[in-house]
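Below: the structure, in structure tokens.
Protein chains: 2
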Amino acid sequence: MNARSVVRKRGSAPERLAGTDLLNHCNNAALRKAARRLGRLYDAALQPSGLRATQYILLAQIYDLGCPTMADLADSLIMDLSATRHSLEPLVRDRLVRLRVDEKDRRARRVTLTPAGIAKFKEAMQLWRKAQDRFERAFGSARASKLRSELSALSSEPFKEIF
Amino acid sequence: MNARSVVRKRGSAPERLAGTDLLNHCNNAALRKAARRLGRLYDAALQPSGLRATQYILLAQIYDLGCPTMADLADSLIMDLSATRHSLEPLVRDRLVRLRVDEKDRRARRVTLTPAGIAKFKEAMQLWRKAQDRFERAFGSARASKLRSELSALSSEPFKEIF
DNA sequence: CCGAGTTAATGGCATATGCCGGCATATTGT
DNA sequence: ACAATATGCCGGCATATGCCATTAACTCGG
Numbered sequence: 001m002n003a004r005s006v007v008r009k010r011g012s013a014p015e016r017l018a019g020t021d022l023l024n025h026c027n028n029a030a031l032r033k034a035a036r037r038l039g040r041l042y043d044a045a046l047q048p049s050g051l052r053a054t055q056y057i058l059l060a061q062i063y064d065l066g067c068p069t070m071a072d073l074a075d076s077l078i079m080d081l082s083a084t085r086h087s088l089e090p091l092v093r094d095r096l097v098r099l100r101v102d103e104k105d106r107r108a109r110r111v112t113l114t115p116a117g118i119a120k121f122k123e124a125m126q127l128w129r130k131a132q133d134r135f136e137r138a139f140g141s142a143r144a145s146k147l148r149s150e151l152s153a154l155s156s157e158p159f160k161e162i163f
Numbered sequence: 001m002n003a004r005s006v007v008r009k010r011g012s013a014p015e016r017l018a019g020t021d022l023l024n025h026c027n028n029a030a031l032r033k034a035a036r037r038l039g040r041l042y043d044a045a046l047q048p049s050g051l052r053a054t055q056y057i058l059l060a061q062i063y064d065l066g067c068p069t070m071a072d073l074a075d076s077l078i079m080d081l082s083a084t085r086h087s088l089e090p091l092v093r094d095r096l097v098r099l100r101v102d103e104k105d106r107r108a109r110r111v112t113l114t115p116a117g118i119a120k121f122k123e124a125m126q127l128w129r130k131a132q133d134r135f136e137r138a139f140g141s142a143r144a145s146k147l148r149s150e151l152s153a154l155s156s157e158p159f160k161e162i163f
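Protein chains in written order, with the working numbering: chain A, 1 to 163; chain B, 1 to 163.
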């Protein structure tokens, strides 16, 4: 009787079908689901390089910024400083990334790619492009561009302070 | 020559400004950044309830589905089965969620909310709404709706097999 | 130059997420 | 009924992410 009522109650009520209401309206849930899905696509594509998608993102951003401080890097990725540091650990361990004390501000750490890091990044970039292409072929290139644009807007300035 | 080119080359080269190229085109990076940003918004809003945004999503989905199996739940959230299980652990520990063996298939586990879980969910829903409203007021309600719609499309069927 | 306040990073803890290998339970072909 | 296979979940391991408290280093007013 107990198990039955649990099992059945929900689906039978005419008010609402299963699993189609609550979360369909949640921006955060939609974002996370999409991130998981897409993450797995990129992760799989990058596998031959031994990098995770997140690690690729870190390398790319470091490459792009040159030798940012931890805080620069974290900010640019909308990431917590500690999270950034923790995520960097495997990369440092594997000698793809190096940290060094900033000359002018001894508190700061400059993050740089090692030669191996640069090589690995360039290797991974080829794989990344495959994932990117595969996704955009399926989703539409213009559509993806528009989506990224909206996501960037969401991640950018105005929303830093909606709290 | 090697290290030098890594450290310095970047900022000075006129070819490109720092941090605006590589990742701006990466769908995955854009998605992750947005997810982190929005996640923090929802996390903060839910804080009084003691739930994380992700936990709220789990409770909501369980509430919605009734008493799904682990696999049902994982699928509906585009989540790995093990990840789902692990994420459920704190909720089970705190007696918000219960697992029980399915009668008909002893391998399967049915996930249900306890009364405390239902109460907590409803409490959290009020906080969730605040975050949702706050975000949509800033981002635009229609715009958010469109964004969710694109994200859902991305998470849904056609892209399961773009590999 | 000193001390109060600020800023950058670290360490510890907790959850989030995923992969892989193993185990128990179903399902199926014969 | 039985062996082979498939399925659902568990455990262990590794990374991802964030918060908090702490420490080290800089800034500034006096």
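Just so you know, even glycine gets a beta-carbon here, dropped at the ideal spot from N, CA and C.
Beta-carbon neighbours of glycine 39 (chain B), restricted to chain A and to distances below 9 angstroms: Asn28, Leu31, Arg32
Taking the runs of the alpha helix (DSSP H) that are 4 residues or longer, which of them lie wholly in the region 63 to 137 of chain B? 70 to 76, 81 to 93
Can you determine whether any heavy atom of the ligand HEM sits closer than 6 angstroms to the C-beta of leucine 88 (chain A), and answer yes or no? Ligands displayed in this structure: none; no statement on the ligand HEM is therefore possible.
Is the Cβ-Cβ distance between alanine 74 (chain B) and leucine 81 (chain B) less than 7 angstroms? yes
CA nearest to the CA of cysteine 26 (chain A), picked from B:Ile57, B:Lys122, B:Leu99: B:Ile57
For arginine 40 (chain B), does the three-state DSSP call read helix, strand or coil? helix
Is arginine 36 (chain B) close to chain A, meaning its C-beta is less than 7 angstroms from at least one C-beta of that chain? yes
Which bits of chain B does glutamate 150 (chain A) rub up against, with CB to CB less than 7 angstroms? Leu147
Could you work out which residues of chain B lie near methionine 79 (chain A), taking near to mean beta carbons separated by less than 7 angstroms? Arg36
Taking buried to mean at least 16 other C-beta atoms within 10 Å of its own C-beta, is lysine 33 (chain A) buried or exposed? buried
Sequence-distant residues of the same chain with beta carbon closer than 7 angstroms to arginine 143 (chain B), five excluded per side: none
Helix, strand or coil: which one does DSSP assign to serine 156 (chain A)? coil
Which bits of chain B does serine 155 (chain A) rub up against, with CB to CB less than 7 angstroms? Lys33, Ala34, Arg37
Under 8 angstroms between beta-carbons, which chain A residues line up against isoleucine 57 (chain B)? List them in chain order, please. Leu23, Cys26, Asn28, Ala29, Arg32
For methionine 70 (chain B) and alanine 30 (chain B), the rounded distance between their alpha carbons: 30 angstroms
How long is the line joining the alpha carbons of glutamate 136 (chain B) and alanine 124 (chain B), rounded to whole angstroms? 18 angstroms
Once DSSP output is grouped into helix, strand and coil, what is the label at alanine 147 (chain B)? Reading off the sequence shown, one finds leucine at residue 147 (chain B), where the question assumed alanine. The answer is helix: DSSP assigns leucine 147 (chain B) an H, G or I state.
Is there a Cβ from chain A that is less than 7 angstroms from the Cβ of phenylalanine 135 (chain B)? yes
Closest Cα partner of valine 111 (chain A) within the set A:Met79, A:Asp105, A:Val97: A:Val97
Residues near arginine 95 (chain A) by beta carbon distance below 7 angstroms, same chain, minus five either side: Thr114, Ala116
Nearest CA to the CA of alanine 45 (chain B): which residue from B:Arg148, B:Ser156, B:Ala131? B:Ala131
Using a C-beta to C-beta distance shorter than 9 angstroms, which residues of chain A count as neighbours of alanine 124 (chain B)? Those do not exist, as alanine 124 (chain B) stays about 11 angstroms from chain A at its closest Cβ, beyond 9 angstroms.
With 16 other CB atoms within 10 Å as the buried threshold, where does aspartate 72 (chain A) fall? buried
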